[in-house]
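Q:
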Amino acid sequence: MDQTAPNMAYRVLARKYRPQNFSDLIGQEPMIRTLTNAFDMGRIAQAWMLTGVRGVGKTTTARILARALNYQTATIDRPTVRLEEMGEHCQAIMEGRHVDVVEMDAASHTGIDDIREIIEQVRYRPVAARYKVYIIDEVHMLSTQAFNGLLKTLEEPPPHAKFIFATTEIRKVPVTVLSRCQRFDLRRVDAALLTQHLQKIAAAEGVAAEPAALAMIARAGEGSVRDCLSILDQAIAHSGGTSAAAARITAAAVRTMLGLVSSAQIIDLFRLLMQGRAAEALAQLQHLYTYGAEPGVILRDLADFNHLITRLRFQPELAADISLAEEERKEAAQFAEKLSLRILSRNWQMLLKGMSEVEIAARPLAAAEMLLIRLCHAADLPNLDDALRLLEQSRQNGETAPVMLAVSSSSRMPETRQTAAGVTAAAKAIAAQAQADKTSPANAEAKPAKPEATAKGAAIMDKPQAAASPPAARHGAISLQKLVAMAEKQGNLPLKFHLRESIRPVGPESAAEAGQADIFRFVPMANAPKDIERQIAELLLAATGERRQVQAVASGGGATLAEEEQKHNQALIEEAKNNAEVAAVLHHFPKAELREVRLKPQNEASPKTTEKIIRQ
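Under the numbering used here, the first residue of the sequence shown carries the number -2, and numbering increases by one thereafter.
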């Protein structure tokens, strides 16, 4: 009989297709397997705790579990999870009207009085069924007194009583209650599995639906089966027709109904952003906004597409996901081959920050436009590796290294501007070094850098000659003692320790012969950090403002600073032992030992005077 007839009340899809047994549940295989084995082995718990997000089947699972506990037919009279046919009590339990299966909503029954009523009733045997089952939904809403009143009964319930709890906030449930229950975490249902489930229901309803439309509904449901069925119900009504069989659900209709943006438009906008075409990107954003898309939704879709590209770099098998549109999979795979992980990570961080700005902005569209401009500007910025490579090339060619500040070709900054907000500390140091080289006498006659030596979209900005600063004084040769002093001054005690104990400096003779006296070479010991070379380079950059070359070699190193100090101290001790006074003291005290020799300051005694510290 047609359920849409006037004499029958309409039932929404979420209730009409509610699972009646464990085989109807989707996406919860671990829980089903555990319960099946427990019932087969006769190891049935006294209480269960079902937790998960909305719409994944907590209350439905509780009713099916109550049905399994009280399953009884003409041939079966024992608890079982194999519910092939309706038993004596099944219909009443699934409809929530069985006398021995008590359902209580803890959100509206939070007090100790409600729990006292359960405690008083639980000692009486069931009226008709095998077990008296108490289903308490949203159990985290109970008060502290109610939880405390339930503890004793929950720990030692009568053999004929079972408790089933359901909650979306498992962290709010006291651990004393959790320890008395068998816990099951119901998972979000995968989008691909939800799409297949929606296809079955649409076929059962006689509704024609495009796969792309069902995939959109599955993603919009965010793993909740109930939410997906509610959206499907709405989509059937939105598609029109005199009956459900006459309706046809299209991707365009679902997109309009949910206020979504088509994947093709999001891909086009993402491509414009990665190409740095700000004007066209702003026009695309305005077009989407005019047709009803919210700025926050557009940014979220951009972030989702960026996330998909990033995942495809590490999980190529995602390209076969049926929940994604064909165009979306194809374009994302192409972007994954072209964009580096650094660019994708930068996009992700900027989009996340931009979404939070749009949420609190008085004018969300303006905030979204500013974010797109920042993304386009960032697309033109050369990364640090490119900047270092160009600087090295210019030095090798004997040319002055340009100070590169990447800007959009349509909005270049004036030549008198020296810095940009996006320049990192390392890039600033490179710029300072390049300016010092440019103003030094050695490079006074150097030719300016060729435009083709810079990255595409970068502007070459030289400091005006009138504002040129005097030549920067370069530091001399690098010594290990200087490095230790720099590390101590900056408070980098771990690096100071490794400079003293873990590296052997290479003598400057070979470097001087090769014309590379500025390069600090060393042999790392086994206990040296793997990135000691990088740490020393960063220390020199921070302390001197210059990028000095640091190189770790395999052999040729001398003694460490600690070894040199130990050798020096041993020489002082041997010299002190030859002193007549010290020798006399050691003669009168045979067990005495000379441990350390300290030189007095020059203002107290002559440099040759030593103080002997003799420790018994």
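Built from N, CA and C at the ideal position, the CB exists for glycine as well.
Does the structure place the segment 97 to 114 close enough to the segment 128 to 139 that three or more beta carbon pairs sit under 8 Å?
A: yes
Q: Keeping to the same chain, check which residues put their C-beta closer than 8 Å to that of Ala422; ignore five residues upstream and five downstream.
A: Numbered from its first residue, the sequence shown carries residue 422 at position 425. At Ala422, the pLDDT of 44 sits below 50, so the modelled position is not reliable; the number obtained from the coordinates is stated separately. Once the five neighbours on either side are set aside, Ala422 has no close Cβ partner at all.
Q: If you draw a straight line from the C-alpha of Gly351 to the C-alpha of Leu296, how long is it?
A: Sequence index remark: in the sequence shown, residue 351 carries index 354 (1-based). Sequence index remark: in the sequence shown, residue 296 carries index 299 (1-based). As the crow flies, the alpha-carbon of Gly351 is around 8 Å from that of Leu296.
Q: Which of helix, strand or coil does DSSP assign to Val547?
A: Position 550 of the sequence shown, counted from the first residue, corresponds to residue 547. Correct three-state label for Val547: strand.
Q: Under three-state DSSP, which class holds Gly218?
A: Residue 218 sits at position 221 when you count from the first residue of the sequence shown. The answer is coil: DSSP assigns Gly218 none of H, G, I, E or B.
Q: Between the C-alpha atoms of Ala209 and Met347, what's the straight-line distance to the nearest angstrom?
A: On the sequence shown, position 212 is the one that residue 209 refers to. On the sequence shown, position 350 is the one that residue 347 refers to. Cα to Cα, the separation comes out at about 29 Å.
Q: Hey, out of Asp74, Gly93, Thr70, whose CA is closest to Gly84's CA?
A: Locating residue 84 in the sequence shown gives position 87, counting from the first residue. If we check each option's Cα against that of Gly84, Thr70 comes out closest.
Q: Please work out which residues of its chain come closer than 6 Å, Cβ to Cβ, to Ala63, disregarding the five sequence neighbours upstream and downstream, and give them in chain order.
A: Stepping through the sequence shown from its first residue, residue 63 is reached at position 66. Here the set comprises Ile90, Val98, Val130.
Q: Can you grab the Cα-Cα spacing for the pair Tyr7 / His194, in whole Å?
A: Here residue 7 corresponds to residue number 10 of the sequence shown, with the count starting at 1. Here residue 194 corresponds to residue number 197 of the sequence shown, with the count starting at 1. Spanning the two alpha carbons is a distance of roughly 21 Å.
Q: Under DSSP, the alpha helix (DSSP H) around Pro27 begins and ends at which residues?
A: Counting from 1 along the sequence shown, the entry for residue 27 is found at position 30. For Pro27, the enclosing alpha helix (DSSP H) has its first and last residue at 26 to 38.
Q: Would you decide whether Met38 is buried or exposed? Buried here means 16 or more other CB atoms lie within 10 Å of its CB.
A: The residue labelled residue 38 in the question sits at position 41 within the sequence shown. Per the 10 Å Cβ criterion, exposed.
Q: Looking only at C-alpha atoms, which of Pro526, Phe519, Gly504 sits nearest to Phe494?
A: In the sequence shown, the residue the question calls residue 494 occupies position 497. If you compare the alpha carbons of Pro526, Phe519, Gly504 with that of Phe494, the shortest gap goes to Pro526.
Q: Taking C-alpha atoms, which residue in His137, Phe181, Gln142, Leu183 lies nearest to Arg168?
A: Here residue 168 refers to the residue found at position 171 of the sequence shown. Nearest option by C-alpha distance: His137.
Q: When the distance is taken between beta carbons, is Pro16 closer than 8 Å to Gly49?
A: Here residue 49 refers to the residue found at position 52 of the sequence shown. Here residue 16 refers to the residue found at position 19 of the sequence shown. Their beta carbons are not under 8 Å apart, which means Gly49 does not touch Pro16 by this criterion.
Q: Would you mind listing the beta strand (DSSP E) stretches within the segment 38 to 108 that are 3+ residues and don't spill past its ends, in chain order?
A: 44 to 48, 98 to 102
Q: Determine the extent of the alpha helix (DSSP H) in which Tyr286 is found, giving its start and end residues.
A: The residue given as residue 286 occupies position 289 in the sequence shown. Where Tyr286 is concerned, the enclosing alpha helix (DSSP H) stretches over 275 to 287.
Q: Jot down the residue ranges of each uninterrupted beta strand (DSSP E) in the segment 176 to 229, minimum 3 residues, whole runs only, in chain order.
A: Considered as a whole, the segment 176 to 229 harbours 179 to 182 as its complete beta strand (DSSP E) runs of no fewer than 3 residues, in chain order.
Q: Would you tell me roughly how many angstroms separate the C-alpha atoms of Val574 and Gln563, rounded to the nearest one?
A: Locating residue 574 in the sequence shown gives position 577, where the first residue counts as 1. Locating residue 563 in the sequence shown gives position 566, where the first residue counts as 1. Note on residue identity: the sequence assigns Lys, not Val, to residue 574. C-alpha separation (whole angstroms): 17 Å.
Q: Could you check how far apart the C-beta atoms of Asp301 and Val258 are, in whole angstroms? I think they sit under 8 Å.
A: Here residue 301 refers to the residue found at position 304 of the sequence shown. Here residue 258 refers to the residue found at position 261 of the sequence shown. So it is not a contact: roughly 11 Å between Cβ atoms.
Q: Quick check on Pro526: does DSSP put it in helix, strand or coil?
A: For the purposes of this step, residue 526 is taken as the residue at position 529 of the sequence shown. Reduced to three states, the DSSP call for Pro526 is coil.
Q: Measure the beta-carbon distance from Arg245 to Ala205 and round it to whole angstroms, keeping in mind my assumption that it falls under 8 Å.
A: Within the sequence shown, numbered from 1, the residue matching residue 245 stands at position 248. Within the sequence shown, numbered from 1, the residue matching residue 205 stands at position 208. Contact flag correct, Cβ pair sits at about 4 Å.
Q: Please give the ranges of any alpha helix (DSSP H) in the segment 105 to 161, keeping only runs that are unbroken, at least 4 residues long and fully inside the region.
A: Listed in chain order, the complete alpha helix (DSSP H) runs (minimum 4 residues) inside the segment 105 to 161 are 109 to 119, 141 to 152.
Q: Where does the unbroken beta strand (DSSP E) through Leu591 begin, and where does it stop?
A: The residue given as residue 591 occupies position 594 in the sequence shown. First-last of the beta strand (DSSP E) with Leu591: 590 to 596.
Q: Where does Pro399 land, buried or exposed, given buried means 16+ other C-beta within 10 angstroms?
A: Position 402 of the sequence shown, counted from the first residue, corresponds to residue 399. At Pro399, the pLDDT of 44 sits below 50, so the modelled position is not reliable; the number obtained from the coordinates is stated separately. Counting Cβ neighbours within 10 Å, Pro399 comes out buried, since at least 16 surround it.
Q: In chain order, what residues of the same chain lie with their CB nearer than 7 Å to the CB of Pro361, ignoring the 5 residues before and after it?
A: Taking the first residue of the sequence shown as position 1, residue 361 is located at position 364. Around Pro361: Pro292, Gly293, Val355.
Q: When we look at the beta-carbon of Lys149 and count the other beta-carbons within 10 Å, is it buried (16 or more) or exposed?
A: By one-based count along the sequence shown, residue 149 stands at place 152. By the neighbour-count rule (16 or more Cβ atoms within 10 Å), Lys149 is not buried but exposed.
Q: Mapping DSSP to helix, strand and coil, what is Gln312?
A: Within the sequence shown, numbered from 1, the residue matching residue 312 stands at position 315. Looking at Gln312 - three-state DSSP - the assignment turns out to be coil, as it is neither helix nor strand.
Q: Just the C-alpha distance for Ala280 and Arg326, rounded to the nearest angstrom, thanks.
A: Counted from its first residue, the sequence shown places residue 280 at position 283. Counted from its first residue, the sequence shown places residue 326 at position 329. Spanning the alpha carbons of Ala280 and Arg326 requires a straight line of approximately 25 Å.
Q: Report buried or exposed for Thr31, applying the criterion of at least 16 other Cβ atoms within 10 angstroms of its Cβ.
A: Here the question's residue 31 lines up with position 34 in the sequence shown. Exposed, by the Cβ-count rule.
Q: Pick from Ile112, Glu219, Arg595, Gln179: whose alpha carbon is nearest that of Thr192?
A: Looking up residue 192 in the sequence shown gives position 195. Of the listed residues, the one whose Cα sits closest to Thr192 is Glu219.
Q: Could you tell me if Ile475 is buried or exposed, where buried requires 16 or more neighbouring beta carbons within 10 angstroms of its beta carbon?
A: Position 478 of the sequence shown, counting from 1, holds the residue named residue 475. Buried, since its Cβ has 16 or more Cβ neighbours within 10 Å.
Q: Quick one: is His374 buried, meaning 16 or more other Cβ sit within 10 Å of its Cβ, or exposed?
A: Here residue 374 corresponds to residue number 377 of the sequence shown, with the count starting at 1. So His374 counts as buried.
Q: Could you pull out every residue in the same chain whose Cβ sits closer than 7 Å to the Cβ of Cys225, ignoring the five residues on either side in sequence?
A: Counted from its first residue, the sequence shown places residue 225 at position 228. Within the same chain, Cys225 has close Cβ partners Leu191, Leu195, Ile214, Ala215, Gly218.
Q: If we count the other Cβ atoms within 10 Å of its Cβ and call it buried at 16 or more, is Ala363 buried or exposed?
A: The sequence position of residue 363 within the sequence shown is 366, counting from 1. Classification for Ala363: exposed.
Q: Looking at the structure shown, is Gly293 part of a helix, part of a strand, or coil, going by DSSP?
A: Sequence index remark: in the sequence shown, residue 293 carries index 296 (1-based). Reduced to three states, the DSSP call for Gly293 is helix.
Q: Around the C-beta of Ile61, are 16 or more other C-beta atoms found within 10 angstroms, so that it is buried, or is it exposed?
A: Translated into the one-based positions of the sequence shown, residue 61 becomes position 64. So Ile61 ends up on the buried side.
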